[in-house]
Amino acid sequence: MTRVSTKTMLGVPCAELYTEIESGKIVKCNKNFLSLIGLDPDKPLDRDLYSYDYLDRSERVGLRKALEVQKNEGEFRGLCYLHRIKKFDGGYVVAIGISRVCEYNTDNAYTTIVDISEFYDDKNAIRHSGRYSGKISEVYESTLKKAKLKEEEKSAPRDVVTGLMNYTSFKAEVTEFLKSRDKSKTAAIAYFDINNFAYINENFGFSAGNEILCDTANMLYKNATVLASTRIHSDFFAVALEGESEDSILKSVDKVEKLFVLLNSQKYPRSELTLSIGIYFIKDEDKNARVVIDNANLARRHIKGTRCKRVCVFQDVFKEQRAMEQQIRSTIHQAIEDGEIEAFLQPKFSCSRMEIIGAEALARWRNEDGSYKQPFMFIPVLENAGYIVDLDFEIYRQVLSLIRSWIDHGVEPLPVSVNFSRIHNNYPDFVQKVINLTKEYDIDPKYIEIEFTESNIARNPDVTFKNMKQFAEFGFKIDMDDFGTGYSSLSFLRDAPVDIVKVDKTFVDQVLESPKDQEYVQELCKLIESTGKDVLLEGVEKKEQAEFFKSCGFDMAQGWLFDKAIPIDNFNQKYMYN
Numbered sequence: 000m001t002r003v004s005t006k007t008m009l010g011v012p013c014a015e016l017y018t019e020i021e022s023g024k025i026v027k028c029n030k031n032f033l034s035l036i037g038l039d040p041d042k043p044l045d046r047d048l049y050s051y052d053y054l055d056r057s058e059r060v061g062l063r064k065a066l067e068v069q070k071n072e073g074e075f076r077g078l079c080y081l082h083r084i085k086k087f088d089g090g091y092v093v094a095i096g097i098s099r100v101c102e103y104n105t106d107n108a109y110t111t112i113v114d115i116s117e118f119y120d121d122k123n124a125i126r127h128s129g130r131y132s133g134k135i136s137e138v139y140e141s142t143l144k145k146a147k148l149k150e151e152e153k154s155a156p157r158d159v160v161t162g163l164m165n166y167t168s169f170k171a172e173v174t175e176f177l178k179s180r181d182k183s184k185t186a187a188i189a190y191f192d193i194n195n196f197a198y199i200n201e202n203f204g205f206s207a208g209n210e211i212l213c214d215t216a217n218m219l220y221k222n223a224t225v226l227a228s229t230r231i232h233s234d235f236f237a238v239a240l241e242g243e244s245e246d247s248i249l250k251s252v253d254k255v256e257k258l259f260v261l262l263n264s265q266k267y268p269r270s271e272l273t274l275s276i277g278i279y280f281i282k283d284e285d286k287n288a289r290v291v292i293d294n295a296n297l298a299r300r301h302i303k304g305t306r307c308k309r310v311c312v313f314q315d316v317f318k319e320q321r322a323m324e325q326q327i328r329s330t331i332h333q334a335i336e337d338g339e340i341e342a343f344l345q346p347k348f349s350c351s352r353m354e355i356i357g358a359e360a361l362a363r364w365r366n367e368d369g370s371y372k373q374p375f376m377f378i379p380v381l382e383n384a385g386y387i388v389d390l391d392f393e394i395y396r397q398v399l400s401l402i403r404s405w406i407d408h409g410v411e412p413l414p415v416s417v418n419f420s421r422i423h424n425n426y427p428d429f430v431q432k433v434i435n436l437t438k439e440y441d442i443d444p445k446y447i448e449i450e451f452t453e454s455n456i457a458r459n460p461d462v463t464f465k466n467m468k469q470f471a472e473f474g475f476k477i478d479m480d481d482f483g484t485g486y487s488s489l490s491f492l493r494d495a496p497v498d499i500v501k502v503d504k505t506f507v508d509q510v511l512e513s514p515k516d517q518e519y520v521q522e523l524c525k526l527i528e529s530t531g532k533d534v535l536l537e538g539v540e541k542k543e544q545a546e547f548f549k550s551c552g553f554d555m556a557q558g559w560l561f562d563k564a565i566p567i568d569n570f571n572q573k574y575m576y577n
């Protein structure tokens with residue numbers, strides 16, 4: 000999802016929220032939205048906003064229909080509107096809203112809202128946080144003018160920034176091309192965007208960003224295989240290409256990508272500007288311009304966020320994958336309600352005693368036939384949609400309920416580690432919500448380990464460290480998961496408020512390859528211990544691995560050598576009540 004400025008045309012802080020297009024339900028929001036509807040943003044949220052209808056039904060239906068049109072047409076420009084937002088405990092706030100379909104999750108909408116009526120004087124003038132902004136009528140008129148200007152830009156034959164044809168004209172051009180093209184030649188649509196483009200706008204200003212857009216457009220214009228090109232919006236481009244073969248087109252696209260990286264690495268050495276490019280090779284039976292463009296975009300989305308691959312060719316499986324992702328997003332909340340989301344436990348063992356010392360809780364999604372969806376099938380989808388928050392807390396509730404049952408049956412609980420996505424760091428009440436649930440089940444926090452992956456800690460260390468320290472102060476243990484897969488420095492590891500470092504399976508696998516690899520992994524584990532952290536080895540699958548680590552003095556491990564992740568009932572029978 001794209002990053003959006005927290006300032007609006009009025010120069011005041013925005014309320015921001017993600018909503019489901021189909022239902023209008025709130026997926027997540029920022030503090031300003033909580034303030035806007037009358038809640039205290041600095042207090043733990045004790046109510047569910049997912050079921051809160053912040054718009055009246057007629058406005059909700061109208062907005063949903065408008066967003067559905069945008070979604071179906073692949074447009075993300077946004078629409079501007081004036082409506083009443085219902086406050087949580089009664090009353091309304093008149094507000095300007097700018098809403099658009101999310102670029103990376105087209106089932107959701109991203110909305111920015113400016114309150115323009117909460118504070119006003121007897122002359123009908125707006126005041127927001129004590130700042131004078133003008134009369135409501137003037138602000139509304141200004142907003143409509145801006146919206147009208149956007150529409151004029153959209154209907155103009157050329158993009159006002161780059162000079163390329165606009166998206167509407169491009170689609171018309173592609174439609175004609177599909178009808179009359181020379182089928183003895185190879186044709187394709189390429190859809191791409193600029194990675195890390197926001198870095199330029201934020202650090203060098205919009206003029207620098209516009210210069211990059213123009214340079215990109217110029218590269219496309221000069222490319223011999225490009226028949227037509229457009230800037231769809233922001234830093235998203237699409238081109239129609241024709242060449243002698245698929246290989247010639249791929250070489251042409253690769254040339255553009257390399258030229259783009261070379262040019263911008265010289266201008267902005269620390270920006271890491273690259274392109275993510277999706278390509279769809281047109282078939283003889285293709286007639287619909289929107290479909291071929293959408294296919295290229297699907298290929299682009301398939302590699303978006305990866306560092307090792309810049310160009311991806313469309314495959315039919317991408318459509319199946321998108322359908323599966325949509326099905327997962329639309330059914331997750333019902334699955335939670337119906338008990339289809341289950342916590343499985345994978346034991347942690349002592350290598351020296353070959354005894355169980357703890358467990359890790361992992362999510363599984365039960366299908367109707369009794370089989371299970373594996374985490375890689377739904378976790379990334381839910382993270383992109385923001386629904387991972389609901390799944391994580393469902394698993395945590397099941398873990399707390401399990402520990403409660405052990406205590407009630409007079410069984411000494413094992414410590415259980417639980418995973419929370421990096422998405423939780425966007426919520427100011429995250430830590431307090433975990434603590435409140437723990438208190439609700441009357442569980443001593445010494446039985447809970449909170450896991451954070453190394454890469455997610457490094458991505459936002461300030462917020463993550465703050466949350467980790469608050470967890471530790473309450474009595475939870477903190478685990479760093481997947482250590483060795485990110486970019487941690489020794490000082491980073493030393494300063495991290497972590498109790499246990501879980502060494503990634505890739506290092507565990509190396510110890511059987513050569514004496515040099517054994518020495519390297521052993522020194523890595525010693526380095527971790529020198530920072531005052533305990534070491535746990537992940538993915539131990541062979542007895543020789545366990546023997547090696549035991550001989551080095553590293554005792555904690557988990558992996559298939561000991562047991563795989565199993566349902567709670569099986570775990571209880573095998574380890575707790577036997």
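Positions 0 to 577 (numbering that gives the first Met the number 0) are the ones given, in order, by the sequence shown. All residues carry an ideal CB built from backbone N, CA and C; glycine is no exception.
Take the alpha-carbon of His301 and the one of Asn577: they are about 47 Å apart. Linking Ile331 to Glu339 through their CA atoms gives a straight-line distance of about 9 Å. Counting the other CB atoms within 10 Å of its CB gives Phe570 a total of 16 or more, which places it among the buried residues. Taking Gln397 as reference, the option from Lys184, Val430, Tyr386, Ile335 with the minimal CA-CA separation is Ile335. Taking 8 Å as the cut-off, the beta carbon of Thr18 is found closer than this to the beta carbon of Ala108.
In this structure, Ala189 places its C-beta atom within 8 Å of the C-beta atom of Val252. Separation of the CB atoms of Val510 and Asp516 is rounded to 6 Å, and the pair is thereby assigned contact status at 8 Å. For a cut-off of 8 Å, the C-beta gap from Ser400 to Tyr446 is around 13 Å, too long to register as a contact.
Around Lys24, the same chain offers Tyr49 as residues with beta carbons nearer than 6 Å, after the five sequence neighbours per side are excluded. The C-beta distance from Val534 to Met555 rounds to 7 Å, short enough to meet the 8 Å contact threshold. For the pair Arg309 and Ile276, the CB atoms are nearer than the 8 Å cut-off. Residue environment analysis places Tyr53 among the buried positions, since at least 16 neighbouring C-beta atoms fall within 10 angstroms of its C-beta. In its chain, beyond the 5 residues on either side, Ala189, Leu219, Val225, Ser228 have a beta carbon closer than 6 Å to the beta carbon of Val238.
Its Cα nearest to that of Arg59, the residue Ile20 stands out among Gly90, Cys28, Ile20. Leu272 sits away from Asn200, with the two beta carbons spaced by 8 Å or more. In the displayed model, Val160 falls within coil according to three-state DSSP, outside both helix and strand. It is roughly 45 Å from the alpha-carbon of Ile36 to the alpha-carbon of Phe259.
With a threshold of 16 other beta carbon atoms within 10 Å, Trp364 meets it and is buried. Within the stretch 260-346, the alpha helix (DSSP H) runs of at least 4 residues that lie entirely inside it are, in chain order, 288-302, 315-336.
With respect to Cys524, Phe553 sits close: the two C-beta atoms are nearer than 8 Å. Scanning Leu212, Phe205, Ile449, Ala65 for the CA closest to the CA of Leu361 turns up Ile449. Taken through DSSP and simplified to helix, strand or coil, Asp253 comes out as helix. Apart from the 5 residues on each side of it in sequence, Ile387 sits with its Cβ closer than 8 Å to the Cβ of Ile378, Leu381, Ser420, Ile422 in its chain, given in chain order. In the DSSP annotation of this structure, the continuous segment of the beta strand (DSSP E) that includes Ser98 starts and ends at 91-100. For Val534, the enclosing beta strand (DSSP E) starts and ends at 533-536. In this structure, the beta-carbon distance from Val500 to Lys532 falls below 8 Å. DSSP places Lys573 within a helical segment (H, G or I) once states are collapsed to three.
Straight-line measurement puts the Cα of Phe32 at about 11 Å from the Cα of Lys85. Between Val291 and Val173, the CB-CB gap stays under 8 Å. Cβ contact annotation for Ala14 (same chain, cutoff 6 Å, sequence separation greater than five): Asn31, Phe32, Leu35, Ile112, in chain order. Every beta strand (DSSP E) stretch that sits fully inside the stretch 441-526 and reaches 3 residues is listed by chain position as 447-452, 476-482, 499-502. The C-alpha of Lys178 is placed about 24 Å away from the C-alpha of Phe191. Taking the Cβ atoms as the reference, Gly385 lies roughly 5 Å from Lys27, within the contact range of under 8 Å. Taking the C-beta atoms as reference points, Asn466 is found nearer than 8 Å to Asn424.
The alpha-carbon of Glu393 is positioned some 43 Å away from that of Phe280. Secondary structure of Lys542 (DSSP, three-state): helix.
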